[in-house]
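Take a look at the structure set out below.
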Amino acid sequence: MGSPAANEFMLLALAEAQAALLRQEVPIGCVIVLDGTVIAKGSNRTNETRNSWMLLSSSGPLGPDGAARSGPELYVTCEPCIMCAGALCLLGLGKVVYGCGNDRFGGCGSILDIHQQGCGSCQGQSEVGGAASSKPHRFQAEGGMMAADAIALLQDFYASGNPNAPVPKRPLAAP
């Protein structure tokens with residue numbers, strides 16, 4: 001579906017998701033790419049502040065020389081939820097490439113088009129280069145890359161039930 005480089009980036013995201021599965025975490029992984037170079041990668045963890053793409057927020061919108069950088073690209077195995085898509089608007093992201101859609105909470109086209117609309121009261125205005133933009137920040141979103149692989153990881157995880165889910169959310173055991 002994508003270029004050889006894009007395929008490699010998504011394979012890295014899938015490897016991160018596999019690592020999460022081995023830790024009994026929801027298997028969602030991602031890589032962040034800037035100018036063709038992976039600058040961060042990660043996967044789901046129980047601590048929400050360790051969300052894989054949050055690595056981008058710690059690096060901010062400026063490059064090492066202090067100049068505004070072109071929007072980084074995020075390769076992620078599942079479509080970002082509505083809240084995450086809003087946060088990605090604030091980070092000045094250039095593009096999201098995701099594997100499977102998120103038909104319950106998807107913020108990049110499945111449920112809402114946050115990537116095109118901006119978010120909430122701030123309208124997704126980013127402060128790229130240190131100056132607030134007067135326009136909502138928008139980013140490109142493309143789904144379906146290696147979706148079957150991403151879905152297979154999620155199915156493997158949920159087949160035995162989420163061990164980290166609160167007790168009332170776990171499936172009932174068969175008698």
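Taken in order, the sequence shown gives residues 1 to 175; the numbers are from UniProt numbering. Glycine included, C-beta positions come from ideal geometry on N, C-alpha and C.
Taken in chain order, the complete beta strand (DSSP E) segments of 3 residues or longer contained in the stretch 137–167 are 140–143.
Comparing C-alpha distances from Ser3 to each of Met145, Ser160, Tyr158 and Ala159 shows the shortest one belongs to Met145. Sequence-distant Cβ neighbours of Gln140 in its own chain, meaning closer than 8 angstroms and more than five residues away, are Gly94, Lys95, Val96 and His115.
Contact check for Gly107 and Cys78: beta-carbon distance about 11 angstroms, past the 8 angstroms limit, so the pair fails to qualify. Per DSSP, Gly106 lies in no alpha helix (DSSP H) segment and is marked neither H nor E. In the DSSP assignment, Glu16 falls within the alpha helix (DSSP H) that extends over Pro4 to Leu22. Short of 8 angstroms from the beta carbon of Ala5, and not among the five residues preceding or following it, lie these beta carbons of its own chain, in chain order: Gly36. Under a 10 Å Cβ-count criterion, Ser160 is classified as exposed, with fewer than 16 other Cβ atoms of the shown protein chains found around its own Cβ. Counting only the Cα atoms, Thr46 lies some 10 angstroms from Ala165.
Of the other Cβ atoms in all chains shown, fewer than 16 fall within 10 Å of the Cβ of Ala148; this residue is therefore exposed. Between Ile28 and Ala20, the gap from beta carbon to beta carbon is short of 8 angstroms.
Straight-line spacing of the CA atoms in Gln155 and Ala13 works out to 17 angstroms. Boundaries of the beta strand (DSSP E) around Ile32: Gly29 to Leu34.
For Gly99, the enclosing beta strand (DSSP E) stretches over residues Lys95 to Cys100.
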